[in-house]
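A quick write-up on the structure given underneath.
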Amino acid sequence: MLSHRQKQYSVLGMSTLAFAVNFAVWTMFSIIGIRIKEDLGLSESQFGLMVALPILTGSLVRLPLGLITDRFGGRIVFFIHMLLVAIPIYGLAFASVYWHYLVLGLFVGLAGGSFAVGIAYTSAWFEKERQGTAMGIFGAGNAGAAITNLVAPMIVVAFGWRMVPQVYSVAMLVTAALFWFCTWPDPAHARGGDAEPSRPRPSLARQLAPLAELRVWRFGLYYFFVFGGFVALALWLPKYYIAEYGLDLRTASFITMLFTLPSGLVRALGGWFSDSYGARAVNWGVFWICLVCLFFLSYPQTTMTIHGINGDVSLGVGLNVWLFTFLVFVVGIAQGFGKASVYRIIHDYYPQNMGTVGGMVGVIGGLGGFCLPILFGYAADHIGVRSSCFMLLFGLTVVCMVWMHYAIRQQQRLDGKARMADVDAPPIPSSHS
Numbered sequence: 084m085l086s087h088r089q090k091q092y093s094v095l096g097m098s099t100l101a102f103a104v105n106f107a108v109w110t111m112f113s114i115i116g117i118r119i120k121e122d123l124g125l126s127e128s129q130f131g132l133m134v135a136l137p138i139l140t141g142s143l144v145r146l147p148l149g150l151i152t153d154r155f156g157g158r159i160v161f162f163i164h165m166l167l168v169a170i171p172i173y174g175l176a177f178a179s180v181y182w183h184y185l186v187l188g189l190f191v192g193l194a195g196g197s198f199a200v201g202i203a204y205t206s207a208w209f210e211k212e213r214q215g216t217a218m219g220i221f222g223a224g225n226a227g228a229a230i231t232n233l234v235a236p237m238i239v240v241a242f243g244w245r246m247v248p249q250v251y252s253v254a255m256l257v258t259a260a261l262f263w264f265c266t267w268p269d270p271a272h273a274r275g276g277d278a279e280p281s282r283p284r285p286s287l288a289r290q291l292a293p294l295a296e297l298r299v300w301r302f303g304l305y306y307f308f309v310f311g312g313f314v315a316l317a318l319w320l321p322k323y324y325i326a327e328y329g330l331d332l333r334t335a336s337f338i339t340m341l342f343t344l345p346s347g348l349v350r351a352l353g354g355w356f357s358d359s360y361g362a363r364a365v366n367w368g369v370f371w372i373c374l375v376c377l378f379f380l381s382y383p384q385t386t387m388t389i390h391g392i393n394g395d396v397s398l399g400v401g402l403n404v405w406l407f408t409f410l411v412f413v414v415g416i417a418q419g420f421g422k423a424s425v426y427r428i429i430h431d432y433y434p435q436n437m438g439t440v441g442g443m444v445g446v447i448g449g450l451g452g453f454c455l456p457i458l459f460g461y462a463a464d465h466i467g468v469r470s471s472c473f474m475l476l477f478g479l480t481v482v483c484m485v486w487m488h489y490a491i492r493q494q495q496r497l498d499g500k501a502r503m504a505d506v507d508a509p510p511i512p513s514s515h516s
């Protein structure tokens, strides 16, 4: 008979593994899509739609999956979810025309919704003092994108691209089986044993009630930047390296991993920092670090000509590839911390609605990964400067910081009025607000 602590670690480990596998599936088209484009002779717009659809559906489905998780519990929902997603993954191996890939891609994209299930299930197993760390470790499953970057190309070279979805579908089924046999229903949804014998399921209206609060949408904006910005840059950076610095595709993809892999893994550390120093403090630091780095990343390559006494002198101002990579690396680390701290804040305010509120925030963040690359391209076409993508992210960071500053000041005023109304009341903690 395992102790409660042992069950916690098993649930956390299996949930993180399951999320990593789902995230690898979610980004699968970034590799196999290149070969599909060649086979079908797709245009750039057709290719873009095919790759973007899984990101879109994986984002939109997070809210309903969060609602279902709050109602029925994460274990059964996560298990059934993985079984269902394995079907369209395998079906990709037998697709032959463009609309097949679009339809199947919509269903493969459901893998991205696994985050809303896993974050609610994982947080339900841990006491408040350790939830930030636990959710941060679970969120490190973002590193599944790096798994696809490493594993999928080797499968494509050795066996062809159609073997990738076949291997991934089997991996999903094996993961589902391991998850089921190595996890237990969370205490709030368990039946019998030391858990509550019964738990009334909340009504849909009660579950959705927190979404009427402006604060939820503020948290969503934060996640739009830290997660949506992460996904967008992961998709955009290889092309940026090739165009801006003349690197080949293999080198550009490898250097991009210096952004994606650490940003995913450091999320666990971000959760620990949020527990130890307060999620609000971590978020504020994340925004400041990103603001400074994005300021320099936004500056375009510039050549100045000085008309000197002895002739013209030309000076080049800009970032070389190494300094650029370092700054992008720092932004990725900061976003990894931010992804963890945002969900720690959510749990402080909505511990009983993690599936609903966390799902809605996840939707907004995922839409960032879908919308921002489109905005990057639009800005580049109309401004004519490649670094315009970082200008957009810089502006988004400013908006987040202004709104957060206003919210903090408003909370401080409310806390002050509350203390004046009851001088004997203890100060209202605001370290996680």
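The numbering of the sequence shown is our numbering, which starts it at 84 and goes up by one. By construction, the Cβ of each residue, glycine as well, lies at the ideal position given by its N, Cα and C atoms. Owing to the predicted nature of the structure, the values given are computational and were not obtained by experimental measurement.
Closest to residue i by CA distance: which of the options is it?
| i | options | result |
| --- | --- | --- |
| A203 | F190, A326, M218, A462 | M218 |
| H430 | F409, P293, H465, Q494 | P293 |
| A362 | K422, L344, A317 | K422 |
| R158 | A259, D358, F302 | A259 |
| T195 | F302, F407, W182, G448 | The amino acid occupying residue 195 in the given sequence is Gly; Thr does not appear at that position. Here the closest residue by C-alpha is G448. |
| M474 | G441, F459, V485, S381 | S381 |
| I114 | G445, P248, M255 | P248 |
| G419 | G329, W263, F307, W109 | F307 |
| D269 | L297, G227, M84, W208 | W208 |
| T385 | G401, L256, G224, V375 | G401 |
| G354 | V413, G222, P434 | G222 |
Quick one: grab the DSSP three-state call for residue i.
| i | result |
| --- | --- |
| H87 | helix |
| I392 | coil |
| G227 | helix |
| L398 | strand |
| T386 | strand |
| R245 | coil |
| S179 | coil |
| E121 | helix |
| T99 | helix |
| P270 | coil |
What's the call for residue i, buried or exposed, on a 16-neighbour Cβ count within 10 Å?
| i | result |
| --- | --- |
| Y184 | buried |
| S397 | exposed |
| N105 | buried |
| D507 | Reliability of the predicted coordinates at D507 is poor, the pLDDT of 39 falling under 50, and no value is obtained from them. |
| H272 | buried |
| L426 | Leu is not the amino acid found at residue 426; the sequence shown has Tyr there. That one is buried. |
| G312 | buried |
| I112 | Note that residue 112 corresponds to Phe in the displayed sequence, not to Ile. So F112 ends up on the buried side. |
| D358 | buried |
| H465 | exposed |
| T388 | exposed |
| R350 | buried |
Just to confirm, are residue i and residue j a CB contact at a threshold of 9 Å?
| i | j | result |
| --- | --- | --- |
| N366 | M443 | no |
| T231 | L95 | no |
| F161 | S93 | no |
| F407 | E327 | yes |
| A317 | T334 | no |
| V200 | T152 | yes |
| L150 | L291 | yes |
| S197 | A107 | no |
| L187 | L450 | no |
| A417 | V485 | no |
| T439 | L146 | yes |
| I138 | F459 | no |
| N472 | V413 | Sequence inspection shows Cys at residue 472; the Asn mentioned does not correspond to that position. Not in contact: C472 and V413 (Cβ atoms no closer than 9 Å). |
Would you verify that the beta carbon of residue i is, or is not, closer than 9 Å to some beta carbon of chain D?
| i | result |
| --- | --- |
| A335 | Given the protein chain composition of this structure (a single chain), no chain D is represented. |
Sorry if obvious, but does the Cβ on residue i come closer than 8 Å to a heavy atom of the ligand FMN?
| i | result |
| --- | --- |
| G401 | For the structure depicted, the ligand FMN is absent and the ligand set is empty, with no information on it obtainable. |
#### Entry: Segments assigned alpha helix (DSSP H), at least 4 residues, entirely inside the region 125-169
Counting only runs of 4 or more, we get 127-143, 145-155.
### Query
In chain order, which continuous runs of the alpha helix (DSSP H) of length 4 or greater are located wholly inside the region 403-487?
Runs found: 404-432, 437-466.
### Task
For the region 319-368, list the alpha helix (DSSP H) runs that are entirely contained and at least 4 residues long, ordered along the chain.
Complete alpha helix (DSSP H) runs here, min 4: 332-348, 350-360.
### Any alpha helix (DSSP H) of 4 or more consecutive residues that is wholly inside the region 191-238
Runs of the alpha helix (DSSP H) inside the region 191-238: 197-207, 211-222.
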